[in-house]
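> The structure is given below, and queries will be raised subsequently.
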Amino acid sequence: MKTIALAIGAGLASALLYLAVTAGTLLAIPLFYLAPLPIMIAGLGWGTASGWIAAFVGSLTVAFAGLSWGAVYALVIALPAAFLARLAMLGRPIVAGDPNSPTEWYPAGRMLLWCAAYGAAFSLVLMTFVGFDTEQLAASFKAMMADAQQSGEPLPMPSGTDMDAVAQTMVTLLPRAFALIWITAVVLNLWLAVRITAASARLRRAGSLFADLRIPREGALALVIGIPLSFFGGGMGLAGTIVTAAFASIFAFGGIVAIHRVTRGRTWRPIALGALYAALLVFTFWVIMPLAIIGVVDSIAPIGGSRGVPRAANSNQSDSNQGD
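For the sequence shown, position 211 matches number 211 in our numbering, and the numbering has no gaps at all.
Right under this line is the structure:
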């Protein structure tokens, strides 16, 4: 009963974090991005069933604010959070049938591959409702900006700004930004959930989830398809841009982990990592592609350390026996 109560509480907490965006304050934005965290903590620390219960309770709670809100919450927040917690706790004995065998855990790189695939698929489905006609989308953005200018709350843009150019830029950047922001938020929440659960001694997966992360090389196939498509015009180019942004994002995480790996023990490591994260904050889109290239190289020819699947040295528990 305690586990069920905790799962219900996690779902309610997640729903409240998600609905915080309706407050319209600056504090509401970081709270909104933390919405997956309670569900992930429940799934990692109290078993897969707890994660799914939290996801269901959260979705039901948000649905009371509006069915469309509940549907978006379920698809964007709840289901991915519970699913990733499930994957993180999937494990099997290295030696089948040996109860004392260490556990081989589901690779973190494949978890990020799922994130990219889901993020790209969701964005593409969303675009089928919005429309892949880039000219029509640009016209819609231009109309929205014109309405804002006439509403008495003009947009903070210099006078004489070319609205057509701004609208076209929005069509180009928004699909990339959505995939990038969603994947980044999900991965950072997962990292934070692992740290919190480990600190509370509830995490049964030993070792750091991301310390030896490498994205599976088959993920590069999506870039091989997406990058050429992104140079086309119209809907095909937009679809290629979405796929490229989603998979480049996870390879960028792979690149960051590779840099962390090769700088271990170096005296200049804090300076290098500080410069890296400062560049990411200021020049996000310009830095992601070099990091993604490093991630792709690392997936094909490992940079620093050995390739392997994270294992728990003293654990023989998989997700199937994770109850209370």
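Idealized CB from N, CA, C, for every residue including glycine.
#1: Short of 8 Å in beta carbon distance, which residues of its chain neighbour PRO216, apart from the five on each side in sequence? Order them along the chain.
#2: Please state the DSSP three-state secondary structure of PRO93.
#3: GLY51 and GLY43: beta carbons closer than 7 Å?
#4: Are the Cβ atoms of SER14 and ALA35 separated by less than 7 Å?
#5: According to DSSP, is TRP105 part of a helix, a strand, or is it coil?
#6: By a C-beta neighbour count over all protein chains shown, 10 Å radius and 16 as the cutoff for buried, is MET40 buried or exposed?
#7: Decide if GLY47 is buried, meaning its Cβ has at least 16 other Cβ atoms within 10 Å, or exposed.
#8: Taking its Cβ as the centre, do 16 or more other Cβ atoms sit within 10 Å of PRO228, making it buried, or is it exposed?
#9: In this structure, how does DSSP classify THR184 when only helix, strand and coil are distinguished?
#10: Between TRP286 and LEU126, what straight-line distance do the alpha-carbon atoms span, to the nearest angstrom?
#11: Can you give the Cα-Cα distance for ARG307 and ALA248, rounded to whole angstroms?
#12: Going by DSSP, what residue range makes up the alpha helix (DSSP H) through LEU27?
#13: Whole angstroms are fine: how far does the CA of ARG204 sit from the CA of MET289?
#14: What is the DSSP secondary structure of PRO99, reduced to helix, strand or coil?
#15: Whole angstroms is fine: what's the gap from THR241's alpha carbon to PHE251's?
#16: For the alpha helix (DSSP H) containing GLY295, list its first residue and its last residue.
#17: Span of the alpha helix (DSSP H) holding VAL62?
#18: Please return the same chain residues whose Cβ sits closer than 7 Å to the Cβ of THR244, not counting the five positions on each side in sequence.
#19: Check each candidate in ALA63, PHE232, VAL76 and ALA82 and name the one with the smallest Cα separation from ALA49.
#20: By the DSSP assignment, the alpha helix (DSSP H) with SER249 in it spans what residues?
#21: Just reading off the alpha helix (DSSP H) that ILE225 is part of, what are its end residues?
#22: Within the chosen definition, does the stretch 57-76 reach the stretch 97-107 through at least 3 CB pairs nearer than 8 Å?
#23: Taking ILE183 and ALA279 to be in contact with their CB atoms under 8 Å, please state how far apart those CB atoms are, rounded to whole angstroms.
#24: Please name the residue in VAL297, THR3 and GLY304 whose C-alpha comes closest to that of ALA220.
#25: What's the C-alpha gap between ASN270 and LEU180?
#26: Thinking C-beta only, is PHE32 closer than 7 Å to ALA20?
#27: Between the alpha carbons of GLY9 and VAL62, how many angstroms are there, rounded?
#28: Straight-line CA distance for ILE4 to ALA246?
#29: Using the Cα positions of VAL30 and LEU188, report the straight-line distance between them to the nearest angstrom.
#30: Assuming LEU84 and LEU190 make a contact with CB atoms under 8 Å, what is their CB distance in whole Å?
#31: Provide the residue span of the alpha helix (DSSP H) that contains ILE77, from first to last.
For this structure:
#1: Taking the sequence shown and counting its residues from 1, the one referred to as residue 216 is at position 216. Cβ within range, chain order: PRO107, GLY109, ARG110, LEU113 and SER299.
#2: Residue mapping note: residue 93 aligns to position 93 of the sequence shown, counting from 1. Strand, per DSSP.
#3: Taking the sequence shown and counting its residues from 1, the one referred to as residue 51 is at position 51. Taking the sequence shown and counting its residues from 1, the one referred to as residue 43 is at position 43. Cβ distance < 7 Å, so GLY51 and GLY43 count as in contact.
#4: Here residue 14 refers to the residue found at position 14 when the sequence shown is read from its first residue. Here residue 35 refers to the residue found at position 35 when the sequence shown is read from its first residue. Contact flag set, yes.
#5: Against the sequence shown, residue 105 aligns to sequence position 105. Residue state, collapsed to three classes: strand.
#6: In the sequence shown, counting from the first residue as 1, residue 40 sits at position 40. Of the residues assessed, MET40 falls on the buried side of the cut-off, its CB having 16 or more other CB atoms within 10 angstroms.
#7: If you number the sequence shown from 1, residue 47 lands on position 47. Result: buried.
#8: What you label residue 228 is simply residue 228 of the sequence shown in a count that begins at 1. By the 10 Å Cβ count, PRO228 comes out exposed.
#9: Numbered from its first residue, the sequence shown carries residue 184 at position 184. THR184 falls in the helix class under three-state DSSP.
#10: Counting from one through the sequence shown, the residue named residue 286 turns up at place 286. Counting from one through the sequence shown, the residue named residue 126 turns up at place 126. When rounded, the distance between both Cα atoms is 26 Å.
#11: Against the sequence shown, residue 307 aligns to sequence position 307. Against the sequence shown, residue 248 aligns to sequence position 248. Low confidence applies here, because ARG307 scores a pLDDT of 49, under 50, leaving its location unreliable and the question unanswered by this model.
#12: By one-based count along the sequence shown, residue 27 stands at place 27. Element bounds for LEU27: n/a, residue is neither H nor E.
#13: Counting from 1 along the sequence shown, the entry for residue 289 is found at position 289. Counting from 1 along the sequence shown, the entry for residue 204 is found at position 204. If I take the Cα positions, the gap works out to 35 Å.
#14: Locating residue 99 in the sequence shown gives position 99, counting from the first residue. If DSSP states are grouped into helix, strand and coil, PRO99 belongs with coil.
#15: Taking the sequence shown and counting its residues from 1, one reaches residue 241 at position 241. Taking the sequence shown and counting its residues from 1, one reaches residue 251 at position 251. Cα to Cα, the separation comes out at about 15 Å.
#16: Counting from 1 along the sequence shown, the entry for residue 295 is found at position 295. Its alpha helix (DSSP H) spans residues 284-300.
#17: Taking the sequence shown and counting its residues from 1, the one referred to as residue 62 is at position 62. Membership of VAL62 in the alpha helix (DSSP H) is indicated by the continuous run 48-63.
#18: Within the sequence shown, the letter at position 244 stands for residue 244. So the qualifying residues of the chain are LEU223, GLY226, ILE227 and SER230.
#19: Here residue 49 refers to the residue found at position 49 of the sequence shown. Of ALA63, PHE232, VAL76 and ALA82, the residue nearest in Cα terms is ALA82.
#20: As a first step, residue 249 must be located in the sequence shown, where it is residue number 249. Annotation: the continuous alpha helix (DSSP H) that includes SER249 extends over 234-262.
#21: Locating residue 225 in the sequence shown gives position 225, where the first residue counts as 1. Here the alpha helix (DSSP H) through ILE225 covers 219-230.
#22: no
#23: Walking along the sequence shown from the start, residue 183 turns up at place 183. Walking along the sequence shown from the start, residue 279 turns up at place 279. Between ALA279 and ILE183 the Cβ distance is about 19 Å, and since that is not below 8 Å, they are no contact.
#24: In the sequence shown, the residue the question calls residue 220 occupies position 220. Of the candidates VAL297, THR3 and GLY304, the one whose C-alpha sits nearest the C-alpha of ALA220 is VAL297.
#25: As a first step, residue 270 is located in the sequence shown; it is residue number 270 there, counting from the start. As a first step, residue 180 is located in the sequence shown; it is residue number 180 there, counting from the start. The sequence given here places Pro at residue 270; Asn does not occur at that position. Their Cα atoms are separated by approximately 26 Å.
#26: Translated into the one-based positions of the sequence shown, residue 20 becomes position 20. Translated into the one-based positions of the sequence shown, residue 32 becomes position 32. Closer than 7 Å, so yes.
#27: For this step, residue 9 is matched to residue 9 along the sequence shown. For this step, residue 62 is matched to residue 62 along the sequence shown. Those two C-alpha atoms are separated by around 14 Å.
#28: Looking up residue 4 in the sequence shown gives position 4. Looking up residue 246 in the sequence shown gives position 246. Their Cα atoms are separated by approximately 34 Å.
#29: Stepping through the sequence shown from its first residue, residue 30 is reached at position 30. Stepping through the sequence shown from its first residue, residue 188 is reached at position 188. Before going on, a small fix: residue 30 reads as Pro here, not Val. Taking the straight line joining both Cα atoms gives about 12 Å.
#30: Along the sequence shown, one-based indexing puts residue 84 at 84. Along the sequence shown, one-based indexing puts residue 190 at 190. That belief holds up - the Cβ atoms of LEU84 and LEU190 are roughly 6 Å apart, short of 8 Å.
#31: Along the sequence shown, read from residue 1 onward, the residue named residue 77 stands at position 77. Where ILE77 is concerned, there is no enclosing alpha helix (DSSP H), given that its DSSP letter is neither H nor E.
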